[in-house]
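Listed below in structure tokens is the structure:
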């Protein structure tokens with residue numbers, strides 16, 4: 020007996036396979052990128068910046084309060100730059116409101132550029148973020164969770180692609196000895212942020228905060244790490260002055276040798 024072809028309207032027998040196919044299509048359609056404006060960083064990113072229609076994950080290097088604050092401000096600085104145009108706003112979704120608004124404003128994310136959504140648990144936060152992404156009128160979405168499986172991150176990546184809106188998924192530590200980025204994810208980039216000693220000053224005082232910025236994984240590129248000065252009031256990172264001076268001096272010496 021000949022085999023009958025399947026009807027074209029038969030539903031897919033494997034919803035996960037269908038989701039993977041949609042994700043592959045979404046990942047092939049990259050949006051405009053947001054560059055950091057630091058050549059040593061942008062040149063190592065596969066797209067020379069952060070995809071504005073993609074999922075990007077952030078975690079603190081440790082569960083300490085200092086690293087948690089650094090990772091939060093790293094996310095806030097990026098969100099502030101996505102929302103730099105007048106009238107653009109960011110949604111910050113979370114299940115426990117412990118943000119310090121003046122600190123967010125110091126990295127460029129003032130009260131006129133942000134509003135908040137609070138859910139009872141991670142599933143609520145992820146649902147809020149997905150709906151906000153598909154809405155398509157926000158500059159950026161930030162979501163804080165302790166757990167998000169690979170299916171959840173695939174849904175966020177699809178929603179970001181559909182809504183042409185970036186999402187920063189801040190993974191909070193669930194255990195002190197386990198990095199949140201150890202879980203599989205569909206994110207385009209995954210960042211780990213920690214505090215390092217600030218620059219010494221020639222007079223008593225505290226220098227500009229400095230972070231260890233580690234790109235743990237990126238699609239289409241290699242991991243790397245840099246030490247950078249923390250975000251300024253426009254959300255921009257910077258190379259430490261000594262590093263920048265050393266680069267100039269090295270370039271000058273090379274030109275003289277040539």
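In the working numbering, the protein residues as written are 20 to 277. Note that beta-carbon positions come from the ideal geometry of N, C-alpha and C, so glycine has one too. All values reported here derive from a predicted model rather than from experimental measurement.
Which residue from the options puts its Cα closest to that of residue i?
| i | options | result |
| --- | --- | --- |
| residue 69 | 215, 218, 179, 213 | 179 |
| residue 214 | 204, 250, 157, 72 | 250 |
| residue 162 | 245, 238, 138, 89 | 138 |
| residue 248 | 169, 75, 89 | 89 |
| residue 143 | 112, 127, 196, 170 | 112 |
| residue 216 | 95, 234, 246, 193 | 246 |
| residue 240 | 51, 53, 60, 55 | 60 |
| residue 101 | 258, 64, 128 | 128 |
| residue 181 | 153, 56, 202 | 153 |
| residue 238 | 204, 185, 258 | 204 |
| residue 123 | 56, 91, 221, 198 | 91 |
Mind checking which residues open and close the beta strand (DSSP E) that includes residue i?
| i | result |
| --- | --- |
| residue 109 | 109-113 |
| residue 75 | 74-79 |
| residue 189 | 186-190 |
| residue 63 | Segment: none, residue 63 is in no beta strand (DSSP E) and carries neither H nor E. |
| residue 245 | 243-248 |
| residue 209 | 208-215 |
Grab the span of the alpha helix (DSSP H) containing residue i for me, first residue to last.
| i | result |
| --- | --- |
| residue 57 | From DSSP, residue 57 is part of no alpha helix (DSSP H); its letter is neither H nor E. |
| residue 181 | 169-182 |
| residue 229 | Segment 229-237 is the beta strand (DSSP E) holding residue 229; no alpha helix (DSSP H) there. |
| residue 96 | 84-101 |
I'd like the list of long-range same chain contacts for residue i, defined as Cβ closer than 7 Å, with 5 residues on each side in sequence excluded.
| i | result |
| --- | --- |
| residue 140 | 114 |
| residue 12 | Not covered by the structure: residue 12. The range shown for the chain is 20 to 277. |
| residue 294 | Nothing about residue 294 can be reported from this structure: the residues present for the chain run from 20 to 277 only. |
| residue 80 | 86, 211, 212, 213, 231 |
| residue 94 | 77, 161, 187, 189 |
| residue 136 | 110, 112, 147 |
| residue 236 | 209, 242 |
Quick one: residues in its chain with C-beta nearer than 8 Å to the C-beta of residue i, no 5 flanking neighbours on either side, listed in chain order?
| i | result |
| --- | --- |
| residue 195 | 81, 82 |
| residue 26 | Since pLDDT at residue 26 reaches only 47, below the 50 mark, its modelled position is unreliable, and the value read off the structure follows with that caveat. Nothing listed; no residue qualifies. |
| residue 183 | 50, 71, 72, 155 |
| residue 20 | Bear in mind that the predicted position of residue 20 carries a pLDDT of just 47, short of 50, making it too unreliable to give a figure here. |
| residue 229 | 214, 215, 216, 217, 218, 246, 247, 248, 249, 259 |
Please return the same chain residues whose Cβ sits closer than 6 Å to the Cβ of residue i, not counting the five positions on each side in sequence.
| i | result |
| --- | --- |
| residue 233 | 211, 244 |
| residue 164 | 141, 144 |
| residue 29 | For residue 29, the predicted structure reports a pLDDT of 45, less than 50, and the residue's modelled location is therefore unreliable. The matter cannot be settled from this model. |
| residue 257 | 248 |
Please give the ranges of any alpha helix (DSSP H) in the segment 108-166, keeping only runs that are unbroken, at least 4 residues long and fully inside the region.
With a minimum length of 4 residues, the continuous alpha helix (DSSP H) runs that stay inside the segment 108-166 are 120-125, 141-154.
Kindly confirm or deny that the segment 106-113 and the segment 76-84 touch, where touching means at least three C-beta pairs closer than 8 Å.
At 8 Å Cβ cutoff, the stretches do not touch.
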